[in-house]
Amino acid sequence: SAVADGFEQELNMAFNCLIQGGGGASAAVSQGNLTTAAFLVARVAFQDPEAALKSCCHSAVFNRGAFSLIAKILQQLPGLRGQRGGEDEANRKDVQQQEAGGHGSLFCRCLQTVVRGKPLSACEKEQLLKFLSLLLTPGPTLQGEQQTQRFLSPQEVVNTLVLPHLSAEAEETWDAELSLQLLHAALAVGVQEVTPSPHWVLDCSPFPLLYILAQHYNQTLMCWERSSEDSDHLSSMDAKELLESVLSLLGQVMGAEVAAAPGSWSRALFWLYNKVEELDWTVRFHLKPLWGE
Numbered sequence: 001s002a003v004a005d006g007f008e009q010e011l012n013m014a015f016n017c018l019i020q021g022g023g024g025a026s027a028a029v030s031q032g033n034l035t036t037a038a039f040l041v042a043r044v045a046f047q048d049p050e051a052a053l054k055s056c057c058h059s060a061v062f063n064r065g066a067f068s069l070i071a072k073i074l075q076q077l078p079g080l081r082g083q084r085g086g087e088d089e090a091n092r093k094d095v096q097q098q099e100a101g102g103h104g105s106l107f108c109r110c111l112q113t114v115v116r117g118k119p120l121s122a123c124e125k126e127q128l129l130k131f132l133s134l135l136l137t138p139g140p141t142l143q144g145e146q147q148t149q150r151f152l153s154p155q156e157v158v159n160t161l162v163l164p165h166l167s168a169e170a171e172e173t174w175d176a177e178l179s180l181q182l183l184h185a186a187l188a189v190g191v192q193e194v195t196p197s198p199h200w201v202l203d204c205s206p207f208p209l210l211y212i213l214a215q216h217y218n219q220t221l222m223c224w225e226r227s228s229e230d231s232d233h234l235s236s237m238d239a240k241e242l243l244e245s246v247l248s249l250l251g252q253v254m255g256a257e258v259a260a261a262p263g264s265w266s267r268a269l270f271w272l273y274n275k276v277e278e279l280d281w282t283v284r285f286h287l288k289p290l291w292g293e
């Protein structure tokens, strides 16, 4: 389309703006180039936000090394998050309701459209993971003095880009291991920052999520007991360690929430404990913080 063609031209100009300021350029000059690049992309996004975001996502995933630039540009364009700006309580509640519903923002829908049905190479998966990890991190303002709000919230990543791809009925948009890596990146945000109570993960069906992770971990252990020919996509040592890390992280987060209000979680704890009793005993070991042990 004309919009897509125009976007590619603007994006090339954006790349050139940053490249020209590379090397020994001062921080002020580099920031000026980024501002210009963001303006060029914003000009196309103003005409058609969906087409612009799809092109951004395509470039970030499939153009080698482009993910960092695209993330920096998007962090300068908070309007593309789907909010009307501002950090007031009403805006936060609207976005949280949208994320909790699993529908996701325009950005997440565009990203899933771009990668749907396309087998991703190892490099493309790595670029996707790094791209989303950058968007989960607050970026500098145009003046470089303060930090902007993160472009993506961790609960949106979990609800729209993780949960739908971990369940038994998961659509094969990307593999389960990539979903686990995204979940780990989202949980790491809470570890690195002072997370308000209640924790954002409460908006992500945490107990069903814990059970899904426990099932995957149990299947991984079973694969290790069988011949390698019967192994599935989560049977590697890396996947096993990733599952252990995610189970422990989520268990610690929910353990703290349970300890703060034990009466509110008794039924959910009882349900989860009965479910994991059917699985390998090591699953309960990784969830010790939940049981108060």
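All letters in the sequence shown, in the order written, are residues 1 to 293 by full-length UniProt numbering. Glycine included, C-beta positions come from ideal geometry on N, C-alpha and C. As the structure is a computational prediction, the values presented were derived from the model and not from experiment.
By the Cβ test, the region 129-139 is in contact with the region 147-159, since at least three Cβ pairs between them sit closer than 8 Å. For W200, the number of other beta carbons within 10 angstroms of its own is at least 16, and it is reported as buried. Beyond the five residues adjoining it in sequence on each side, K118 comes within less than 8 Å, by CB distance, of no other residue in the same chain. If you draw a 10 Å sphere on the C-beta of Y217, you find 16 or more other C-beta atoms in it, and that means buried.
Distance check between P198 and each of A259, L242, V157, L180 places A259 closest, using alpha-carbon atoms only. Secondary structure at P119: coil, using DSSP grouped into helix, strand and coil.
The way I'd put it, the region 176-186 does touch the region 115-134; three or more beta-carbon pairs between them come closer than 8 Å. Here the alpha carbon of A66 sits roughly 44 Å from the alpha carbon of W291.
With contacts defined as CB atoms closer than 8 Å, G251 and P289 qualify as a contacting pair. In the displayed model, Q149 falls within coil according to three-state DSSP, outside both helix and strand.
Bounds of the alpha helix (DSSP H) holding Q252 are 237-260. Take the alpha-carbon of E244 and the one of H286: they are about 7 Å apart.
Contact between V114 and K72 is absent: CB atoms are separated by about 19 Å, not below the 8 Å threshold. The continuous alpha helix (DSSP H) containing A268 extends over residues 266-276. Around the Cβ of P262, a 10 Å sphere holds fewer than 16 other Cβ atoms; the residue is exposed. Look at A45 here: in three-state DSSP terms it is helix.
The Cβ atoms of L249 and L187 lie closer than 8 Å to each other. Beyond the five residues adjoining it in sequence on each side, L134 comes within less than 6 Å, by CB distance, of A71 in the same chain, given in chain order.
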